[in-house]
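Each residue of the sequence shown is one higher than the one before, starting from 913 at the first, in this note's numbering. Don't be surprised by glycine CBs; every beta carbon is placed ideally from N, CA and C. Here the structure is a predicted model, which means the values were calculated and not measured.
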Amino acid sequence: MQVIVNRNEFLKKLRIVEKAISENKIKPILSCVYMETRGEMLFLCGTNLETTITTTVSCKEVVKEGKVAFQYPLIDEYMKELKEEEIQIRMDGEALMVEGGDAVSEFSTFPYEDYPKAFENFEKQEEEVLLRMNSIELATIFDKLKFSAGSTDNPAIHCVRVEGRDGEIHFVTTDTYRLTYLHKSFSLQEDFQMSLPLETVEACSKIFRGLEAEVKVYFDKKFAHFLIEDIHIVSSLIELTFPAYQTILSNGNYDKIMGISTESLISILRRVIIFVRNNEESKYGATFHLADGVLKIKGNSDIAKINEEMAVDYQGAPLKVSLNTKYLFDFVQNLEKDTELSLEMLSSKTSVKVHEKGKEDYIYILMPLALKD
């Protein structure tokens, strides 16, 4: 292999496929980027077997065709420090050479024959597109949900659940302590449901946010495919059963409602979190007291206490409930600061429903804590 490419363009595409790669000491080839010449293009691929990302780079010149697998971190870091607009990448025996101006560097490679081959020649017809969405819009939706996805200890909820039905798309995440739900009207070709691994969502979010283009989504039962420009992201789907979240969302028994500006709540939570982030009894735990149109929040650590008080719009009997302030902040920071929030409650032992006042297209359900007085 011997090619000449634009350094910035190559780095940009390398950093896209990197997002599917994680260190794998058991199978080092999976820590590599696979690269081969295809006509006047360089084809790049990164995979962890669950998520695969491919893209292409235009070459200024292809002197000699070839294939190679290499670990990317040092190459990325080295290329970033070069000043030349164009660089030469070539194979010298089993070494990968990168040349820019008078600088020449040599990198080890891995047997490209060992690299898993999958989805390299993916082709779908336009009529098979399940969804079309602006990349920034889809990245924003993912960012509003991913914080409450479960841990890898429970793979059934280590995901973003996406369901299309009745002219709407429903997005859900939960870690059993909280649930985030977002839905939007959408013209659907067919109903569908899938659980996207959180790692895929993280990669998609980062890639989509850096582009302003249409994302085409394909779905074939076991895999989801995202196509944007010359980038192809394919993900295995989680086949374990996702919790029945509809029952939680349909609970309408809340009889206490607090109204507060988003900006005010964010400001208070930031101050309280300083004190309760090291709370021995329950990390980030604080007590919320509501009565007579006044909200009081009390929190403490081993060496300090905080008491916040402010007037709010409150309807209902006096209530004291303990909440994880970090969890509450995770949600409200995704809302516009000039909006009004509604917090709906029933008792100190039941969930709290949070959403923008007058809107229920983005909802947060938060379970209370059991803190001592």
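- Query: My guess is that VAL1184 and ILE1218 are in contact by the Cβ rule of under 8 Å, so how many angstroms apart are they, rounded?
  - Reply: 6 Å
- Message: Can you check which of these residues, HIS1137, ASN1165, THR1153, PHE1154, is closest to VAL1146 by C-alpha distance?
- Response: HIS1137
- Message: Cutting at 7 Å between CB atoms, please list the residues of its own chain near ILE1053, excluding the five before and the five after it.
- Response: PHE1083, LEU1094
- Item | Buried versus exposed call for PHE1098 [16 or more other C-beta atoms within 10 Å across all chains shown] | exposed
- Query: Between PRO1109, VAL974, ILE938, LYS979, which lies nearest to LEU956 when the distance is taken from Cα to Cα?
  - Reply: LYS979
- Task: Would you tell me roughly how many angstroms separate the C-alpha atoms of ARG1002 and PHE922, rounded to the nearest one?
- Result: 14 Å
- Query: With which residues is MET1106 paired in a DSSP beta bridge?
  - Reply: VAL1074
- Message: Please report the straight-line C-alpha distance between ILE933 and LYS992, rounded to a whole angstrom.
- Response: 19 Å
- Message: Considering only DSSP beta bridges, list what ARG1002 is partnered with.
- Response: GLN914, MET1009
- Query: Counting along the chain, where does the beta strand (DSSP E) carrying ASN1046 start and finish?
  - Reply: 1043 to 1046
- Length of the line joining the Cα atoms of ARG1189 and GLY958: 38 Å
- Message: Can you list, in chain order, the residues of its chain with a C-beta nearer than 6 Å to that of ALA1229? Leave out the 5 residues immediately preceding and following it.
- Response: none
- Query: Comparing alpha-carbon positions, which option in LEU1240, ARG919, GLU1114 lies nearest VAL1010?
  - Reply: ARG919
- Message: With distance defined between alpha-carbon atoms, name the residue in GLU1193, ARG950, LYS1208 nearest to THR1199.
- Response: LYS1208
- Message: With a threshold of 8 Å on Cβ separation, who are the neighbours of ILE1140 within its own chain once the five nearest residues in sequence on each side are excluded?
- Response: SER1047, ILE1119, PHE1120, LEU1123, ALA1125, GLU1126, VAL1127, LYS1128
- Whether MET1106 touches VAL1074 by CB criterion (9 Å): yes
- Task: With a 10 Å radius around its C-beta and 16 neighbouring C-beta atoms as the bar for buried, classify ASN1236 as buried or exposed.
- Result: buried
- Query: With respect to the beta strand (DSSP E) encompassing GLN1245, which residues constitute its N-terminal and C-terminal limits?
  - Reply: Looking at the DSSP string, GLN1245 is not in any beta strand (DSSP E), and its letter there is neither H nor E.
- Item | Segments of 3+ residues assigned as beta strand (DSSP E) that fall wholly inside the stretch 1141 to 1226 | 1143 to 1148, 1168 to 1173, 1197 to 1203, 1206 to 1212, 1217 to 1223
- Query: Can you find at least 3 beta carbon pairs, one from the stretch 935 to 945 and one from the stretch 969 to 985, that sit closer than 8 Å?
  - Reply: yes
- Task: With distances taken Cα to Cα, identify the nearest neighbour of LEU1202 among ASN1191, MET1222, ASP1142.
- Result: MET1222
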